[in-house]
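K.L.:
Pasting a structure here, questions to come.
Right, here's the structure in full:
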């Protein structure tokens, strides 16, 4: 089996679907694995807040997860109304397998056609944001306004649709 076939098998083994309340424990286990990559998740309070927010998104049908068997390996929150990708995380052990790209595609299928989609990540020069910035650029997002979230300098990226 060549590398392309192995990659295709890994991709097929991951199911992208709407998250349900039963996914919250697996979701939070994933969030704890990646919390250092996101401002606001450093503390127990931040994790507790994220859990509550996630459950609200799940209830409104605005949370996607990537599952490999019983294990969640990806998580995405979005707002159709605001045209925003609010949170995207992929398990470090599963990165570079196109899971994030597949999740963004699934989110875009839920969004209104023709409505731009925005996301924020760390600003240029912050090594914590290098991979995310490159990822969003590969997907066609362009740099937008500068801002601050959770006391961290961030930059918006916008996908023009």
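In the UniProt record's numbering, the protein residues as written are 1 to 161. Each residue gets a CB set at the ideal place from its N, CA and C atoms; glycine is no exception.
Count the other C-beta atoms from every protein chain shown that fall within 10 angstroms of the C-beta of residue 102, then say buried if there are 16 or more, exposed otherwise.
P.N.:
By the neighbour-count rule (16 or more Cβ atoms within 10 Å), residue 102 is buried.
K.L.:
Taking just the CA atoms, how far does residue 137 sit from residue 112?
P.N.:
Approximately 21 Å between the Cα atoms of the pair.
K.L.:
Roughly how many angstroms lie between the CA atoms of residue 82 and residue 53, to the nearest whole one?
P.N.:
Each residue's alpha carbon lies about 16 Å from the other.
K.L.:
Measure from the alpha carbon of residue 62 to the alpha carbon of each residue in 34, 104, 131 and 29, then state which is nearest.
P.N.:
Checked all of 34, 104, 131 and 29; the closest Cα to residue 62 is 104.
K.L.:
With DSSP run on the structure shown, which of helix, strand or coil describes residue 135?
P.N.:
DSSP places residue 135 in helix when its eight states are reduced to three.
K.L.:
Please report the residue range of the beta strand (DSSP E) in which residue 26 lies.
P.N.:
No beta strand (DSSP E) holds residue 26; the alpha helix (DSSP H) holding it covers 24-34.
K.L.:
Under the three-state reduction of DSSP, which class applies to residue 43: helix, strand or coil?
P.N.:
Coil, per DSSP.
K.L.:
Since residue 104 is in the alpha helix (DSSP H), which residue starts that stretch and which ends it?
P.N.:
It spans 99-110 - the alpha helix (DSSP H) in which residue 104 sits, taken as one unbroken run.
K.L.:
If you draw a straight line from the alpha carbon of residue 109 to that of residue 64, how long is it in whole angstroms?
P.N.:
When rounded, the distance between both Cα atoms is 12 Å.
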